[in-house]
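So the sequence lines, in the order shown, correspond to chains U and D.
Numbering of the first sequence is given in the numbering used here, commencing with residue 9 and proceeding in unit increments.
Numbering of the second sequence is given in the numbering used here, commencing with residue 9 and proceeding in unit increments.
Data block below; observations after.
There are 2 protein chains.
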Amino acid sequence: MSKLDDMCVNTIRFLSVDGVEAANAGHPGLPMGAAAMAYVVWDRFLKHNPKNPAWADRDRFVLSAGHGSMLLYSLLHLTGYDLPLDELKRFRQWDSLTPGHPEYGLTPGVETTTGPLGQGFGNGAGMAIAEEFLAAHFGADIVDHYTYAIVSDGDLMEGVASEAASLAGHLGLSKLIYLYDDNKISIEGSTDLAFTEDVSARFESYGWHVQLVEDGNDLDAIEAAIRQAQADTERPSLIRVRTHIGFGSPKQDTAGAHGEPLGEEAATAAKQNLGWPLEPTFLVPDEVAEHMSAAIDRGAQAEAAWQERLDAARATDADKVSLFEQIMAGELPDGWQDAIPTFDADGADATRNASGKVINALAPVMPNLLGGSADLAPSTKTMIDGDGAFGIDGPGARNFHFGVREHGMGAIVNGMALHGGLIPYGATFMVFSDYMRGSVRLSAIMQCKSIWVFTHDSIGVGEDGPTHQPIEHVMALRTIPNLMVLRPADSNETAMAWKMALQYRGPSVLALTRQKLPNLGVDEYPVADAVKGAYVLSDADNAQVVLIGTGSEVALAMEAQEALAAQGIAARVVSMLCWEAFRAQDDDYRASVLPADLPKLAIEAGVTLGWHEWVGSDGDVIGIDHFGASAPGPVAMEKFGFTVENVVERALALVNG
Amino acid sequence: MSKLDDMCVNTIRFLSVDGVEAANAGHPGLPMGAAAMAYVVWDRFLKHNPKNPAWADRDRFVLSAGHGSMLLYSLLHLTGYDLPLDELKRFRQWDSLTPGHPEYGLTPGVETTTGPLGQGFGNGAGMAIAEEFLAAHFGADIVDHYTYAIVSDGDLMEGVASEAASLAGHLGLSKLIYLYDDNKISIEGSTDLAFTEDVSARFESYGWHVQLVEDGNDLDAIEAAIRQAQADTERPSLIRVRTHIGFGSPKQDTAGAHGEPLGEEAATAAKQNLGWPLEPTFLVPDEVAEHMSAAIDRGAQAEAAWQERLDAARATDADKVSLFEQIMAGELPDGWQDAIPTFDADGADATRNASGKVINALAPVMPNLLGGSADLAPSTKTMIDGDGAFGIDGPGARNFHFGVREHGMGAIVNGMALHGGLIPYGATFMVFSDYMRGSVRLSAIMQCKSIWVFTHDSIGVGEDGPTHQPIEHVMALRTIPNLMVLRPADSNETAMAWKMALQYRGPSVLALTRQKLPNLGVDEYPVADAVKGAYVLSDADNAQVVLIGTGSEVALAMEAQEALAAQGIAARVVSMLCWEAFRAQDDDYRASVLPADLPKLAIEAGVTLGWHEWVGSDGDVIGIDHFGASAPGPVAMEKFGFTVENVVERALALVNG
């Protein structure tokens, strides 16, 4: 290692140590052990432009082990991103750009929010998929970059990473290069306590190219391994780099270096051991600053060269380049709104089917709409007809067979969205949203536009029984901030739900039925108001009670309205497609839909928890506060009280006070 | 294969086919392909007593691929369990004993509820752990059985199974024998679409003994492989059995045989192909009935022999056998209540620490209390001091290093609980409850006594930031039926929460703080009432407003009460430890705690969704409906409105109407 290289690596180490010490919280061990490999990636490989973190053709770098965030902040600062040293000094403080774990959208250069282990691993696979897909469509002149990540023991223990690894190997994502910080220490102690599998053999079994670098401080060995990884154009790469957590400190190779500050004494000893000045803290030697900030010029040149290629391509095919620029800017392709179908008023269909029709209507005008299901496509209706399977029918195909890997799918779909240029969706049964909730939450934190298609959304599932019948899921998803949960009542609301999802800047859930629902009459009802989240679907003069339904229960409310009318009771029916959108309306609109002086009865085939926000103290809720039962769907619905008779009875009780 | 064997296998196949046909729903393909391996296990190996499904020393059999439920129902019926043929004819119907997926507690002989893939895989590992642990404590004379499972492609794709497999290999659970129904078909089609990893190599990398049986109908080859698996006393076994989904039918080896009835035509063709009578359906030839019901006598003899050994052991050590019988009956060991500590009124501690103290106070009198954390034990405070690590310090040790494998931990802990005899707990940060929600839900469906210790339960976590700060989690857990969610306000409520969890027949969540909380005064406050879920912690004469707090926000409510008093406003403080318990009280009690005529202000550092059930239309909620931020915990709390000033202001607004 040259003296300069050594200084650069130590600068990264001790910026990290000093940051953690200043915060009196954080994880110094990973940055100290992994500084060398990170330096090699950033100094010798990473194609990026620190002055334009949004450059489309940059390499992506993911710190999957997000607890080592100071490593990333140090690199971003040193290579010239808009992250001043003062921000590093404010590590983990209120309103700083250097939170405890890297946050996408907050700190320039952070490609994804990491911290919950395994997610970054899956995000990277999604980014590599996006690169392959876009390269297939727009050419390698315009799209040609790698996805690197540093992953940890913890990442590799997580099931979400196992799922993503198996799929990445299956798909042969050869531009995915992961460096495994193999430091043999996790929070409880040695990995021998819990993690004695043969990681190399495991990744080879997935179809990965696996290499071992014995000395994690050997820059040239790491470089050589990365070059080998790049040379493999068939397989993703895992480079296992043997490192020492807390390298150089008295706590090296112990769990004590993992999740807490070294403390002044050990920090001092580490600096002495590695020949680093004790003062000043947050030291960046001039040579280091100069060497590492050369990334700015390199990045500017790389982007300029790319811009020339882009312009050349524009001369050949202006529409193609224009589309590329449009989708990379996050804009939807022209004509998407007009492509959304409307459905006949007298039709009937499961909303999962309607969703499939919307997807297939959008697909021709939205070449960047793509996705798939966790081995349930025939049921979730998410296949794009006439298109192929990504990986099997080439890298430009739009259907994804994610396998029975919900969580991996979630992390991958997020990575596809984060890469930019794509509108990805991931689908499974609503009940299995539980399996991927970690990824759904991260899509909400990051506000990336992942679209989650969750079908079979109630006990209406029927015979499969309680393990497959969602009870609490729709409500549990509504508890997640930033997530738009849409439960459409018929085919036309499903079209509206897709429209809302596509327009929303963050992630959405489409909660769709297995069972057929009648269309509610597109000529008669103001489906356009659905965008407001809730609206009066069918009013009555001098209404005495409001029936609020969502999804499959709206048709039931309509039937009950009629039955009540026969008894001389006037009922208003409100369809409540989306709580989040309704909350965003002004008080007047909300009060116009749900007047304070009318009793309200909510009907939803799920838990009642939460509904009192809308029905108030005097209202009532028909829901289901226990698990379901195996029986044909209509039988289950009837047995659990989703009948006209029950709605009428409960509504009458409200009216009669 | 003998003619009789052949008839038995075909009986299993066609009972399954006929069941699915009668229901017009279900999965015929798996039972048809896996009937032979299941028959070998049940006819030649399984130690069980059909007339006493609760016999402690039975082998456990898990159908992890629960969609093949008719396979299991057929076996249970044929071997003499209390499952009449009429119930098989009522497959998937309301109120039958044969639901779409096997349900623990409903059908005799079903050891665990399966369907959500990968869970049964993990449950089996937990059962094998329980067997090893109990054998270590009570001797192989009393506890000596295997855990078998049939697992599918889908199981092996799931991350939860990967996690459990890695841990099972690490722990060397040699009495775990899994037969992999390697049929190369999943719902979307060939497994080549998504699953091309080398499964054998993967399981070898985990430290499993892997064998391959090329012909899934070769009973002797399957038998030989199981004997080899039994002979390996160091490693768990995966026997990869090449099978044909929908064997014998025209839909063999296609996805069409997976998840829907064969249809009359294909069912008929299958019977003709395999030389099976077309009529009657649900045919059980007399020879088959006689042969397979021999399991009854074999089982009675096996249990009698075991009973003799148990009685012999009783003669030697009556206390030991008595304890064994007590814990296997689900009773708590004597003296557990007295062991629960009380904490000084003037103390202060994080509730995670209090929980650790309760665990360690219980451990000496509850030798069957055991568990661990997903690599966070130093933070979740779940180590039993002075005890060792299971697997490393022998099979009798009580601390588990689950690794960074939350979901696998969840499924394993459920398996430990299901085995009987143990009170297991699993711990991680509250925010990562998302990673294991699939298992938490199943614990609730099964009502098995898994105790989930989720610490770091709010933005009070502080510097780790939004990825580590629960916002929606406590409420999202409350949406799960049967699950008791306990959020104690101080050390004494934590002790009460443990008591409630131990007494509850189902699963519980303990939501615990990272940060220190003042004890609320054990001499002064009626902590015993906490068992009612909510209670008046501190009242005021002529209270004008009720402040409802949970967990860390109760102390804030107490401070606000004082500040309000200084302004001449009388406030009552209610601590709401557990919504589920409070709901179970009678109307009078609930109204006595939360009077209808008083305005109510709830304070909880989580989403407000749900709270209107308790505060009503005119009440208010101080919560947090967005993600958190990285900053020291007290700063985050203050910035997000958890201050005395804010509580006072909002309470005044309520009082002043």
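Every residue gets a Cβ at the ideal spot worked out from N, C-alpha and C, and that includes glycine.
Residues sharing a beta bridge with residue i, DSSP
i	result
residue 156/U	69/U, 185/U
residue 348/D	Bridge partners of residue 348/D: none, in fact.
residue 459/D	433/D, 516/D
residue 409/D	381/D
residue 611/U	557/U, 630/U
residue 217/U	245/U
residue 543/D	583/D
residue 526/D	356/D
residue 696/D	Since the first residue of chain D shown is 9 and the last is 665, residue 696/D is not available in this structure.
residue 194/D	197/D
residue 493/D	517/D
Among the options, nearest to residue i - alpha-carbon criterion
i	options	result
residue 586/D	306/D, 407/D, 482/D, 123/D	482/D
residue 246/D	225/D, 208/D, 265/D	208/D
residue 157/D	539/D, 127/D, 171/D, 145/D	127/D
residue 450/U	85/U, 124/U, 14/U	124/U
residue 101/D	642/U, 338/U, 649/U	642/U
residue 138/D	447/D, 421/D, 510/D	421/D
residue 84/U	361/U, 234/U, 255/U, 60/U	60/U
residue 150/U	606/U, 77/U, 300/U, 331/U	331/U
residue 589/D	539/D, 323/D, 544/D, 647/D	539/D
residue 165/U	600/D, 383/D, 458/D	383/D
residue 295/U	274/U, 236/U, 592/U, 17/U	17/U
residue 163/D	412/U, 535/U, 600/U	412/U
residue 51/D	222/D, 512/D, 303/D, 496/D	303/D
residue 45/U	189/U, 32/U, 465/U, 657/U	189/U
residue 408/D	261/D, 388/D, 90/D	388/D
Rounded distance between the beta-carbons of residue j and residue i, thought under 8 Å
i	j	result
residue 568/U	residue 663/U	With a Cβ gap of about 12 Å, residue 568/U and residue 663/U do not count as contacting.
residue 39/D	residue 82/D	7 Å
residue 444/D	residue 417/D	7 Å
residue 184/D	residue 136/D	4 Å
residue 492/U	residue 121/U	Incorrect: roughly 19 Å between the Cβ atoms, too far for contact.
residue 1/U	residue 433/U	With chain U covering only 9 through 665, there is no way to say anything about residue 1/U.
residue 485/U	residue 505/U	Not confirmed; about 14 Å, so no contact.
residue 276/D	residue 286/D	6 Å
Check: residue i C-beta below 7 Å from any heavy atom of the ligand GTP
i	result
residue 183/D	By its list of ligands, the structure shown contains no ligand whatsoever, and the ligand GTP lies outside what it can speak to.
| query | Residues in the segment 444 to 475 of chain U with C-beta within 7 Å of chain D's C-beta atoms, listed in sequence order? | reply | 445, 446, 449, 453, 471, 472, 473, 474, 475
* **Residues, ordered as in the chain, of the segment 632 to 646 of chain U that lie near chain D by beta-carbon distance below 8 Å** => 633, 634, 635, 637, 638, 639, 640, 643, 644
*Check each residue of the segment 200 to 218 of chain U: if its Cβ is closer than 9 Å to any Cβ of chain D, include it; give the result in chain order.*
200, 201, 202, 203, 204, 205, 206, 207, 208, 209, 210, 211, 212, 213, 214, 215
Pairs of beta-carbons, one from the segment 176 to 187 of chain D and one from the segment 127 to 136 of chain D, closer than 8 Å: are there three or more? yes
Three or more C-beta pairs under 8 Å: does that hold for the segment 282 to 298 of chain U against the segment 18 to 33 of chain U? The segment 282 to 298 of chain U vs the segment 18 to 33 of chain U: in contact.
Quiz item: Is it true that the segment 634 to 642 of chain D meets the segment 461 to 476 of chain D, where meeting means three or more beta-carbon pairs spaced less than 8 Å apart?
Solution: yes
Q | Three or more C-beta pairs below 8 Å linking the segment 309 to 319 of chain U and the segment 342 to 351 of chain U | A | no
request  = For the segment 420 to 442 of chain U, enumerate the residues whose C-beta is nearer than 8 Å to any C-beta of chain D, in chain order.
outcome  = 439, 440, 442
Next item on the list: Report yes or no: do the segment 151 to 167 of chain D and the segment 62 to 70 of chain D share at least 3 C-beta pairs separated by less than 8 Å?
Entry: The segment 151 to 167 of chain D makes contact with the segment 62 to 70 of chain D: 3 or more CB pairs, one atom from each, lie closer than 8 Å.
Three or more beta-carbon pairs under 8 Å between the segment 189 to 198 of chain D and the segment 225 to 232 of chain D, yes or no? Fewer than three pairs of CB atoms, one per stretch, sit closer than 8 Å, so the segment 189 to 198 of chain D makes no contact with the segment 225 to 232 of chain D.
(message) At a CB distance below 7 Å, what residues from the segment 368 to 384 of chain U approach chain D? Give them in sequence order.
(response) 383, 384
Near-chain U residues of the segment 317 to 350 of chain D (beta-carbon distance less than 7 Å), N- to C-terminal order: Across the segment 317 to 350 of chain D, no CB contact with chain U closer than 7 Å is found for any residue.
**Prompt:** Of the residues that make up the segment 156 to 170 of chain U, which ones have a beta carbon closer than 7 Å to any beta carbon in chain D?
**Reply:** 162, 165, 166, 167, 168, 170
> Are at least three pairs of beta-carbons, each pair with one atom in the segment 27 to 37 of chain U and one in the segment 45 to 62 of chain U, less than 8 Å apart?
Replying inline: no
Residues, ordered as in the chain, of the segment 12 to 31 of chain D that lie near chain U by beta-carbon distance below 8 Å: Cβ contacts with chain U: 31.
#### Entry: Sufficient close CB pairs (3 or more, under 8 Å) joining the segment 216 to 224 of chain U to the segment 236 to 256 of chain U
yes
Exercise. Anything in the segment 236 to 249 of chain U with a Cβ closer than 8 Å to a Cβ of chain D? List those residues in chain order, please.
Key: none
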